[in-house]
Each structure stands twice: as structure tokens, then as C-alpha cells.
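Residues in the sequence shown are numbered consecutively from 15, following my numbering.
Built from N, CA and C at the ideal position, the CB exists for glycine as well.
Just so you know, these numbers come straight off a predicted model, no measurement behind them.
Below: one structure, written as C-alpha cells.
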Amino acid sequence: MAHRWTNDLTDRDVTPEDVYLTRRQWLAGAAAGAALAGIGGPAAASGLEPNTWDEITSYNNYYEFGTGKDDPAMYAGGLTTAPWSVTIDGLVERPGAYAFEDILKKMTVEERIYRFRCVEAWSMVVPWNGFELADLLDMAGVKPGARYVAFETVLRPDEMPGTRFPVLDWPYVEGLRLDEAMHPLTILATGIYGRDIPNQNGAPLRLVVPWKYGFKSIKSVVRITLTDSEPPTSWNKANPREYGFYSNVNPEVDHPRWSQATERRIGGGLFSKRIETQMFNGYGKDVAALYDGMDLTKFF
Ligand SMILES: Nc1nc2c(c(=O)[nH]1)N[C@H]1C(S)=C(S)[C@@H](COP(=O)(O)O)O[C@H]1N2
Ligand SMILES: [Mo]
């Protein structure tokens, strides 16, 4: 059963990229026209305009394939993504290894156009296809004692050249509080622009939590474990002073080595620009209540 959810960036049918390009070109024309008329361009539209397929699939972070932005596109093709199964265990009623195809048959895949903000202060807008994580957790049956959800990426040194170096403590692991995991904005993405998600973006399924920094959105998930205590997370283990468990997008809490007040929106060529970063990446209306009473400078 799908949780119904609507906001400004969601609830759209799958639309081929050429429709977006048409709209992008129209917007570019509108911007030029507005500039000629001496009024501002469509600044608000820039927040909703999806990046191109090429931008989304050629500028990536996936350290298992190397630390360069173009390494994942070059090397992730070697990852075997079929057959694939996801082990769901811990505090669940129906633990087991669920085949990816069986999961897909039971889930409602829909399009979600989300802003995506990396902690490195670049961002994109991505038209994901995916299903709500809550639906998968409901399928496995969350037990009452569960309070957190731990995630793990596949680890195959033969296929993942980056894992031969101790850049991170492999496998890549992440975690959410149970209420964050059950939130209707939290999805497992299986596609982009209506096509299967490419390996460099985390095939065959990866987490997307749009109000948190990108590193929370763990790729190529093979295990989901319900726990009663906060699970370890890769970037927090690597540098706890710089990367907290929560990692909600917050323009008021700077990274120790750079400001988080603005971000560089990838793409746009000549029109590429820095834009202001929004609290909770613009999803505060939907998620701020999850953190009522918490000091977000302490729980960063
Ligand atoms: N397993 C794994 N998941 C990962 C990463 C990674 O290195 N390994 N990088 C994270 C970071 S830092 C970001 S910004 C996003 C990038 O997702 P994208 O390449 O689809 O834009 O993936 C996140 N998920
Ligand atoms: Mo990131």
C-alpha cells in the first residue's frame, strides 16, 4: 500500500527527458525575455528544474569506485546488479533475504523530483523513480522495540576498485531514526528519468533522504537492519567532528572547513550559479516537526 504524498516537487507522472528539455529551453527563453524586459529571470523555477541525465550520471560520489567525480561513471559498470537481494533483519516480524524483483512487484514506484544537496556544497535536482521506504518496512513488519534503521552497501572488492584502499571503513553503512525512515519523503530509488538507475547512482536500489546531506543517501543497498540503538555511520566513523548522525541540511551550521550557507547548482553552463541553501533543503514544512525540541547545532 502506498502512502499518499504531495508537495511542489512530487506527484508527477514519469515524463521523458525531452519534455524536461523542452521546458528547460522554454525557461531559458523566458529568462532571456525577462532580462530584455528588465525584470528578474525565473529565479524560483531554478529550484525545480531537473538536472540533465548526463549531469546526474557523470558527476557522482561513490567512493567504492574511487574518489574522483568521474570515477563512478568510469568504473561502476563492472558492478553485477542482477541477481540482487536485500536482507531485512533485526527487529522485524518477517526477516529474510528479499529478491529485488519480488520487492518491486509489491511496491508502488512513482516519480519524486527532489533537490539533492551534497555536504560538499554542490547540488542538483533529480527526477527519481522509487517507492517509499515505509512500504518496504511495513512489508517486513517493524517490531515495537525498533527505533533506528541501519543500511549497508554491497562490498565486492573484485568489482569495486576503490574498496582496495582504506578511504572509508568498508562496507559503507548509514542509518536513520525510525521516524525519519518511515517519513513519506524517504524513498528507495530504482530509477532516474523513468530508466533503471545507473550503477554510478547506486543500482539497483539506493536510499534518498532529500532533507539530509547526500552522504546519508546510501547506494546499492544489500542489508536493512531494524535496531534499538543508533547505528554507526561511515562518515561519522571517519570524522565525527565533521559528520554527525543527523546531517540535516542546515545553512546555519557550517562544516568546520567551509560554509554551508550557499551551494553550487550543477549545470546550466553560463547560467550556473551559487544559490542559497535552504533549511532542511527546502523540506522544513514537512520534516521540521521530527526535530522539535532538539538543538540542531548539537545534533548536527
Ligand atoms: N555506498 C555509497 N553510498 C554513497 C556514497 C558512497 O561513496 N558510497 N556517497 C554519498 C554521497 S557523499 C553523495 S553526495 C551521494 C551522491 O549520489 P549521486 O552520485 O547519485 O549524486 O551518494 C551518497 N551515497
Ligand atoms: Mo556528498
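Next on the checklist: Rounding to the nearest angstrom, what Cα-Cα distance links Gln-214 and Phe-313 in this structure?
Outcome noted: Taking the sequence shown and counting its residues from 1, one reaches residue 214 at position 200. Taking the sequence shown and counting its residues from 1, one reaches residue 313 at position 299. Distance between the alpha carbons of Gln-214 and Phe-313 is about 30 angstroms.
Item to check | Spatial neighbours of Met-121 in its chain, beta-carbon cut-off 6 angstroms, leaving aside the 5 residues before and after | outcome: For the purposes of this step, residue 121 is identified with residue 107 of the sequence shown, where counting begins at 1. Closer than 6 angstroms at the Cβ level, and outside the excluded window around Met-121, lie Phe-145 and Asp-149.
Next on the checklist: Which runs of the beta strand (DSSP E) at least 3 residues long sit entirely within the segment 219-282? Give them in chain order.
Outcome noted: Listed in chain order, the beta strand (DSSP E) elements of length 3 or more contained wholly in the segment 219-282 are 220-222, 235-241 and 276-279.
Checklist entry - Residue range of the alpha helix (DSSP H) that Ile-206 falls in? => result Sequence index remark: in the sequence shown, residue 206 carries index 192 (1-based). Per DSSP, Ile-206 lies in no alpha helix (DSSP H); the unbroken beta strand (DSSP E) holding it starts and ends at 201-206.
Item to check | Cβ pair Ile-70, Val-139 closer than 7 angstroms | outcome: The residue labelled residue 70 in the question sits at position 56 within the sequence shown. The residue labelled residue 139 in the question sits at position 125 within the sequence shown. Note that the C-beta distance between Ile-70 and Val-139 is not below 7 angstroms.
Next on the checklist: With the cut-off set at 7 angstroms, would you say Ala-164 and Arg-108 are in Cβ contact?
Outcome noted: For the purposes of this step, residue 164 is taken as residue 150 along the sequence shown, with counting starting at 1. For the purposes of this step, residue 108 is taken as residue 94 along the sequence shown, with counting starting at 1. No, Cβ-Cβ distance for Ala-164 and Arg-108 is not below 7 angstroms.
Next on the checklist: Restricting to Cα atoms, I'd like to know which of Ile-280, Ala-275 and Asp-210 is closest to Glu-290.
Outcome noted: The residue given as residue 290 occupies position 276 in the sequence shown. The shortest C-alpha to C-alpha distance from Glu-290 to any of Ile-280, Ala-275 and Asp-210 is the one to Ala-275.
Next on the checklist: Below 6 angstroms, is the gap between the Cβ of Ser-231 and the nearest heavy atom of ligand 1?
Outcome noted: Within the sequence shown, the letter at position 217 stands for residue 231. Yes, ligand 1 has a heavy atom inside 6 angstroms of this Cβ.
Checklist entry - So, using beta-carbon positions, are Tyr-76 and Pro-86 closer together than 7 angstroms? => result Position 62 of the sequence shown holds residue 76. Position 72 of the sequence shown holds residue 86. Yes, these two residues count as a Cβ contact at 7 angstroms.
Next on the checklist: Is Asn-75 close to ligand 2? I mean its beta-carbon at under 6 angstroms from any heavy atom of the ligand.
Outcome noted: For this step, residue 75 is matched to residue 61 along the sequence shown. Yes, the beta carbon of Asn-75 sits closer than 6 angstroms to at least one heavy atom of ligand 2.
Next on the checklist: Residues in the same chain with beta-carbon distance under 8 angstroms from Ser-248, minus the five sequence neighbours each way, listed in chain order, please.
Outcome noted: Your numbering for residue 248 matches position 234 in the sequence shown. Counting only residues of its own chain and dropping the five nearest sequence neighbours on each side, Ser-248 has a CB closer than 8 angstroms to the CB of Leu-182, Asp-183, Tyr-186, Val-187, Glu-188 and Phe-229.
Checklist entry - Short check: CB of Trp-225 to CB of Asn-143, under 7 angstroms? => result The sequence position of residue 225 within the sequence shown is 211, counting from 1. The sequence position of residue 143 within the sequence shown is 129, counting from 1. Between Trp-225 and Asn-143, the C-beta spacing is not below 7 angstroms.
Checklist entry - Ordered along the chain, which non-local residues of its own chain (more than five positions away) have a Cβ less than 7 angstroms from that of Ser-231? => result Locating residue 231 in the sequence shown gives position 217, counting from the first residue. Same-chain partners within the cutoff: Arg-220, Leu-221, Val-222 and Val-223.
Checklist entry - Should Asn-215 be counted as a contact of ligand 1 given a C-beta to heavy atom distance under 6 angstroms? => result By 1-based counting over the sequence shown, the position of residue 215 is 201. Under cutoff, so the answer is yes.
Checklist entry - What residues match up with Pro-141 in a beta bridge as DSSP calls it? => result Position 127 of the sequence shown, counted from the first residue, corresponds to residue 141. In DSSP, Pro-141 forms a bridge with Ile-127.
Checklist entry - Sorted by chain position, which residues of the same chain lie with C-beta nearer than 6 angstroms to Tyr-257's C-beta, five sequence neighbours on each side aside? => result For this step, residue 257 is matched to residue 243 along the sequence shown. These residues qualify, in order along the chain: Trp-249 and Asn-250.
Checklist entry - DSSP beta-bridge partners for Ser-99? => result For the purposes of this step, residue 99 is identified with residue 85 of the sequence shown, where counting begins at 1. According to DSSP, which records beta bridges pairwise, Ser-99 is partnered with Ala-113.
Checklist entry - Given a threshold of 16 other Cβ atoms within 10 Å of its Cβ, counted over all protein chains shown, does Leu-118 qualify as buried or as exposed? => result Position 104 of the sequence shown, counting from 1, holds the residue named residue 118. Per the 10 Å Cβ criterion, exposed.
Checklist entry - Hey, is Gly-228 close to ligand 1, as in C-beta under 6 angstroms from one of its heavy atoms? => result As a position in the sequence shown, residue 228 is number 214, starting the count at 1. It does: the Cβ of Gly-228 is within 6 angstroms (strictly closer) of some heavy atom of ligand 1.
Item to check | Val-301 and Tyr-227 closer than 7 angstroms at C-beta | outcome: On the sequence shown, position 287 is the one that residue 301 refers to. On the sequence shown, position 213 is the one that residue 227 refers to. Result no, Cβ atoms of Val-301 and Tyr-227 do not sit closer than 7 angstroms.
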